[in-house]
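For reference, the structure discussed in these notes is given below.
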Amino acid sequence: MIGKFNRGLTEKLPRTLHWTLLHTIGQTNINRISRTWIYCCESRNPFLQILFVALSFSSISGFLYKALPHIPGPYLSNIHYVLIPAQIVSIYASYYVACTSDPGIITPDNLQKHLDYYPYDGLIYKPKKCTTCDLLKPARSKHCSMCKACVGRLDHHCAWVNQCVGENNQRYFFLFLFTLVEFSAYGAYLCFQVYRGFIVEWGLDKAYVHHAKTGQKSLITFPRALLYVLHHDRILGAIGILGAVVSAVVFIFFLYQLYLAARGVTTNEAFKWELVEDSIDRGELYKMVPVKSYSTTLKDKNYVTKRNKKNDQEEAKEKRVESLEEVDNIYDKGIIHNLKEVFFPPRF
1 MIGKFNRGLT EKLPRTLHWT LLHTIGQTNI NRISRTWIYC CESRNPFLQI LFVALSFSSI
61 SGFLYKALPH IPGPYLSNIH YVLIPAQIVS IYASYYVACT SDPGIITPDN LQKHLDYYPY
121 DGLIYKPKKC TTCDLLKPAR SKHCSMCKAC VGRLDHHCAW VNQCVGENNQ RYFFLFLFTL
181 VEFSAYGAYL CFQVYRGFIV EWGLDKAYVH HAKTGQKSLI TFPRALLYVL HHDRILGAIG
241 ILGAVVSAVV FIFFLYQLYL AARGVTTNEA FKWELVEDSI DRGELYKMVP VKSYSTTLKD
301 KNYVTKRNKK NDQEEAKEKR VESLEEVDNI YDKGIIHNLK EVFFPPRF
């Protein structure tokens, strides 16, 4: 059943789709769609960079137009006249650095230094040649089909910065994530405080609501007052909600990236370790365990002789790995050292 589904999804469906498009829009338009797909999804392009700048610029412009006239206010002081420009400069400066810094591209000139720095563990990294770059692939490196280069200690390719995140620029990627979290949270905070000011200025904090069923009057609740303000100023409310959502989502991603870095694992390696764990679950992974020879304790003289001919050297036998805890990650050198490698990477 699974095999038939896989063949239908990977073979029959593409052929049927191609035949349908061929007889409806023609081969010329199919080629155009193919080139567009390759450009947008399989090669570097600035689409998401433009989208980020457009979204951030429009949000900042809307905020300045709607909120700046109300600063200072009941809950915001003049200090924000200084903080707001500083925040705007910091977000675009950190984004520029993240987009333009070298991720750690491996070249013939620095290849040997990369090979010497990280040893092969024989499990997720083994000596092999990159057929595209025609270079030996150092441990922890990976060839990026979009960047068309091998990158040292590659974490992942990020379309938002339009390049790979690797050993040289991962620190700048962390800086951008942190700045984006702080910038978005600050924007959401300002929008919320401006809304609180509206509640005071419009007298909603002293307003009463009339209950149609009971006929009683009661002071309006704070959430209902916020909804009233949101109904009359939706742009500022939308900007504040967007800032809160972006801050929360990016903060979770930031913590996940920091967690992996502290463990001495890249995003690329996290997927590799998942494959290793799958192999363990299927009972397919074995390790060689050294076995010492003790000829004095063996009663079988013939067996003792055979062991003695090896001069009591250590032998090894296969042992099935039962759990991932039995496998050592040689690249995990402790939290402090792992983070030091990320934020103060070696120079190659």
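Heads up: the sequence shown at position 79 corresponds to 79 in full-length UniProt numbering, and the numbers run straight through without jumps. Beta carbons: idealized from backbone N, C-alpha and C, even for Gly. Given the structure is predicted, the values throughout are model-derived calculations rather than measurements.
Nearest candidate by alpha-carbon position, reference residue i, set the options
| i | options | result |
| --- | --- | --- |
| H70 | C191, H210 and Q257 | C191 |
| V181 | G243, G237 and D134 | G243 |
| Y75 | D109, T16, N31 and V194 | V194 |
| E322 | R282, H18, K66 and G197 | R282 |
| residue 353 | I88, S34, K126 and H80 | Here the chain has residues from 1 to 348 only, and residue 353 is not among them. |
| V165 | H114, R320, T214 and A98 | A98 |
| R347 | K113, L55 and W273 | K113 |
| F222 | T20, R196, R15 and H211 | R196 |
| F173 | E325, I50, L255 and E274 | L255 |
| Y118 | W202, D109, Y65 and G264 | G264 |
| L204 | H211, L227, T214 and K213 | L227 |
| F198 | T107, H232 and A212 | H232 |
| E325 | E341, E274 and T20 | E274 |
| L83 | Y186, K206 and P108 | Y186 |
Residue j beta carbon less than 8 Å from that of residue i
| i | j | result |
| --- | --- | --- |
| G122 | P138 | no |
| S59 | I239 | yes |
| R140 | T36 | no |
| S247 | N169 | no |
| V327 | V276 | yes |
| H143 | C130 | yes |
| A225 | N338 | no |
| L22 | I30 | yes |
| residue 375 | L136 | The chain is shown from 1 up to 348; residue 375 falls before or after that span and cannot be answered. |
| K333 | I124 | no |
| R171 | F63 | no |
| N268 | L154 | yes |
| residue 349 | P14 | The first residue shown for the chain is 1 and the last is 348, placing residue 349 beyond what the model contains. |
Which residues DSSP lists as bridging residue i, in chain order
| i | result |
| --- | --- |
| G73 | L76 |
| V289 | K317 |
| I105 | V151 |
Close Cβ partners of residue i (< 6 Å) along its chain, the five nearest in sequence each way excluded
| i | result |
| --- | --- |
| S279 | L285 |
| I330 | D121 |
| G237 | L230 |
| A149 | I105 |
| S184 | G243, V246 and S247 |
| T179 | S90, I91 and S94 |
| K66 | I235 and L236 |
| F251 | V181 |
7 Å CB neighbourhood of residue i in its chain, flanking five on each side removed
| i | result |
| --- | --- |
| V200 | P74 |
| S43 | M146 |
| P46 | N162 |
| K128 | K137 |
| I335 | A262 |
| N78 | P72 |
| A188 | G240, G243, A244 and S247 |
| H156 | V165, T267 and N268 |
| T16 | none |
Contacts around residue i, its chain only, beta-carbon distance under 8 Å, and the 5 residues preceding and following it disregarded
| i | result |
| --- | --- |
| F52 | Y95 and W160 |
| Y208 | K217, S218, L219 and I220 |
| M288 | A316, K317, E318 and K319 |
| N311 | Bear in mind that the predicted position of N311 carries a pLDDT of just 48, short of 50, making it too unreliable to give a figure here. |
| H211 | K217 and S218 |
| P108 | L135 |
Would you mind listing the alpha helix (DSSP H) stretches within the UniProt domain "Palmitoyltransferase DHHC" (126-273) that are 4+ residues and don't spill past its ends, in chain order? The UniProt domain "Palmitoyltransferase DHHC" (126-273) contains these whole alpha helix (DSSP H) runs: 170-201, 222-232 and 234-262.
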